[in-house]
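Taken in sequence, the protein lines are chains A and B.
Each residue of the first sequence is one higher than the last, beginning at 465 in the working numbering.
Each residue of the second sequence is one higher than the last, beginning at 37 in the working numbering.
Even glycine gets a Cβ: it sits at the ideal position worked out from N, Cα and C.
Treat the numbers as computed from the prediction; the structure is a model and nothing was measured.
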Amino acid sequence: MSISDYLATVNTGAILIFFAFVALTLYITWWAAKRTRTTKDFYSAGGQITGVQNGLAIAGDYMSAASFLGISGLVFTSGFDGLLYSIGFLVGWPIILLLIAEPLRNLGRYNFSDVASFRFRQRPIRIMAAFGSLTTVALYLIAQMVGAGKLIEVLFHLPYSSAVVIVGVLMVAYVSFGGMLATTWVQLIKAVLLLIGATIVAFLVMAHFNFSFTGLFSKAVEVHAKGGGIMEPGGMVKDPVSAISLGLALMFGTAGLPHILMRFFTVRDARQANRSVVVATGFIGYFYILTFIIGFGAIVFLTGNPAYVDGTGALVGGSNMAAVQLADAVGGSGMMGFISAVAFATILAVVSGLTLAGASAISHDLYARVYKDGQATEQQEMKVSRIATVGLGILAIVLGLLFEKQNVAFMVGLAFAIAASANFPVILLSMYWRGMTTRGAVFGGTLGLLVAIGLTILSKTVWVSVLGYEAPLFPYEYPALFSMTAAFLGIWFFSVTDRSAQGEQDRAAFDAQYVRAQTGVGIEGGSHH
Amino acid sequence: MLSTDEIRMLPEYRELMHKRRRIAVPLCLLMLAAYYSFILMVAYAPHTLAQRAGDGVTSYGIIAGLALILLTFAITAFHVWYVNKNIAALVDRIQAKAVTK
């Protein structure tokens, strides 16, 4: 079709805003590239990010398209259940703040495997941590790429494959040229835009009800197919084991996501790290309240409206479009355009962060520490980082294209489960338990990883929905309760039975690590980590 | 530079450990208790959460959920306030002592 035909079918405002955003981000990338010379710049923005900026960037990572569109979509379909997910994603933050944030910043340099391997034998821990990181990143990336492709298809009427390629190319540009500095600022700006857009939409919804929540809820109950059912738990968690398992994955998975943990190293010291968490928690909490209002607003404004729902009552474009359609309903096509552009922006920002985390695992851990045994030069590590970024970009595009028709919803859940079961237990225990040894870390962490993956494959989400078998072999949808237990038990068991010399060394090194973790003595200018 | 053992002997260090434990443990337990009570109620007692508060249509579940969001932020804000007031100065003193000796 011709350009004018194309423009007639799609929201030109959205396209313009989107191009403006991309132009801005490319400018930022150019600006950041001039300031990105060393590995410290590339991975941690030279440690120059402030607590507030970092908090916004971290919040941005959390306010992904999946949470913005997915959660408001979930609230649209089930009401209360959407709140369950939101809360789950939020409650991990105090835990991070209380237990992990300061020690992490004090012990590590660029990513969490610096911390996990601090007192242990480098090679095996680095390999395991890198593997845990890459698995989490890959799963998350695939889910984001597929989501991005589908979203752009609906919003901008572009073919899925073009969408995936555009996302891949842009993210490689941001990361390989601008490193952490670029990705932080892209994430930050997107967070601000998203918060503004969501606030406006929520404001318009509430204004309609004279800012009365009761008014909003009453009307929603009236029009929704489930009636009062939206005010109470639906079928999302059916039994206590699933409830706890999901809760564990969401709460502790947060503390094990490599691209989130990486952001803790972009600030100057532990105090700024703490501030990041408070700022992030505040904005994320606020954001989830907004998505809740937006979900309910969608119920009120979209249900039964033939402009937005089809004959069966389903939303045009799927329930993920609830927020976007609502923007149109309360704010016209201008607002819808803005929200669509921002939704696309969120994907770009998140995949960039993920790619950087993956590149760090490949070049900082696997190449510089394992393959080169710590003897790599700055230039070599930088070069490998950039190659890794391009490689990951190509991989992301390929996987995005391959998984187009697959149901990838389980992948983010699995990413969180792995983060909670392989990364988090190793980080936590290495920080606080003297008795942990290299052997315990490797065996325990790997056990957590394998159990998480294994149980997910045997559960309904993969065994039945993807592989097509009759009944799942693992009866629960969320493996975290079991995989986390396996990881902690594994770490404990293989550490206490470890009588090797390396084990003795690991335990002996605990005190020095603990003092540094708690006081920050020795961080800048200390050991080249 | 002071050695690890020397730092551990500092009275400031002991005070630091004491204060950290005193704030981190209760807040952690509070967060875990609040969240998992909520989750277990969702699993075991969804009907209680479904009950309406007052005459309106808002359920206890929704109120509990929103309260939990606010609690989460409150815990983080309180912790950082406490640390800045009581702990940060200690850490600075330890760092200063560690490098001068």
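message = Does chain A have any CB closer than 7 Å to the CB of residue 47/B?
response = no
Candidates 913/A, 733/A and 657/A: closest to residue 810/A by CA position = 657/A
Could you pull out every residue in the same chain whose Cβ sits closer than 8 Å to the Cβ of residue 89/B, ignoring the five residues on either side in sequence?
95, 96 and 99
Relative to the C-alpha of residue 121/B, which candidate in 55/B, 77/B and 61/B has its C-alpha closest?
55/B
**Message:** Using only the alpha-carbon positions, how far apart do residue 733/A and residue 569/A sit?
**Reply:** 7 Å
Inset, instruction - Please determine if the segment 869 to 881 of chain A and the segment 691 to 708 of chain A are in contact, where contact requires at least 3 C-beta pairs separated by less than 8 Å. - result: no
Is there a Cβ of chain B sitting closer than 7 Å to that of residue 523/A, yes or no?
no
* Proximal residues to residue 67/B (C-beta, below 6 Å), its chain only, five neighbours per side dropped -> 111
Quick check on residue 773/A: does DSSP put it in helix, strand or coil? strand
**OP:** Figure out for me which residue from 930/A, 885/A, 890/A and 908/A has the closest Cα to the Cα of residue 867/A.
**Re:** 930/A
query: How big is the Cα-Cα spacing for residue 598/A and residue 669/A?
result: 41 Å
Review point. Do residue 554/A and residue 763/A have their C-beta atoms closer together than 7 Å?
Key: no
If distances are taken between C-alpha atoms only, which option among 983/A, 944/A, 890/A and 923/A comes closest to residue 959/A? 890/A
- Task: Tell me, please, which residues DSSP counts as bridged to residue 731/A.
- Result: 513/A
Rounded to whole angstroms, what is the Cα-Cα separation between residue 989/A and residue 579/A?
Low per-residue confidence applies at residue 989/A: pLDDT is 42, beneath 50, and the placement is therefore not dependable enough to give any value.
- Helix, strand or coil: how does DSSP classify residue 39/B here? coil
- request: Return helix, strand or coil for residue 779/A, following the three-state DSSP convention.
  value: strand
C-beta atoms of residue 863/A and residue 822/A nearer than 7 Å:
no
**OP:** Please report the residue range of the alpha helix (DSSP H) in which residue 476/A lies.
**Re:** 476 to 498
request  = State the start and end residues of the unbroken alpha helix (DSSP H) segment that holds residue 71/B.
outcome  = 47 to 80
| query | Which residue or residues does DSSP assign as beta-bridge partners of residue 88/B? | reply | 95/B
Checklist entry - Going by other Cβ atoms of all chains shown within 10 Å of its Cβ, with 16 needed for buried, is residue 991/A buried or exposed? => result With a pLDDT of only 32 at residue 991/A, under the threshold of 50, the placement of this residue in the model should not be trusted, and no figure is reported.
- Item | residue 138/B: contacting residues in chain A (beta-carbon distance under 8 Å) | No statement about residue 138/B is possible, as the shown extent of chain B runs from 37 to 137 and does not include it.
Next item on the list: Indicate the three-state DSSP secondary structure (helix, strand or coil) for residue 785/A in the structure shown.
Entry: helix
Write down the C-beta distance between residue 813/A and residue 803/A rounded to the nearest angstrom, noting that I regard them as a contact closer than 8 Å.
Incorrect: roughly 15 Å between the Cβ atoms, too far for contact.
Sorted by chain position, which residues of the same chain lie with C-beta nearer than 8 Å to residue 499/A's C-beta, five sequence neighbours on each side aside?
505, 510 and 645
- Query: When the distance is taken between beta carbons, is residue 123/B closer than 7 Å to residue 711/A?
  - Reply: no
> Going along the chain, which unbroken runs of the beta strand (DSSP E) with 3 or more residues stay wholly within the segment 690 to 752 of chain A?
Replying inline: none
* To do: Between the Cα of residue 406/A and those of 859/A, 964/A, 518/A and 971/A, spot the shortest distance and give me the residue it belongs to.
  => Since the displayed chain A opens at 465 and closes at 993, residue 406/A lies outside it and no answer follows.
Q) Between the C-alpha atoms of residue 785/A and residue 477/A, what's the straight-line distance to the nearest angstrom? A) 17 Å
Measure the Cβ-Cβ separation of residue 970/A and residue 901/A and say whether it is below 7 Å.
yes
- request: Below 9 Å between beta carbons is the criterion; list the residues of the segment 68 to 85 of chain B that meet it against any residue of chain A, in chain order.
  value: 68, 70, 71, 72, 74, 75, 76, 77, 78, 79, 80, 82, 83 and 85
Own chain residues within Cβ distance below 7 Å of residue 541/A, not counting five before or after: 783
Practice item. Compare the C-beta of residue 871/A with all C-beta atoms of chain B and state if any pair is closer than 7 Å. Key: no
Check your understanding: Counting pairs of beta carbons, one from the segment 743 to 759 of chain A and one from the segment 963 to 980 of chain A, are three or more of them closer than 8 Å?
Key -> no
### Chain-ordered chain A contacts of residue 113/B [CB-CB under 7 Å]
742
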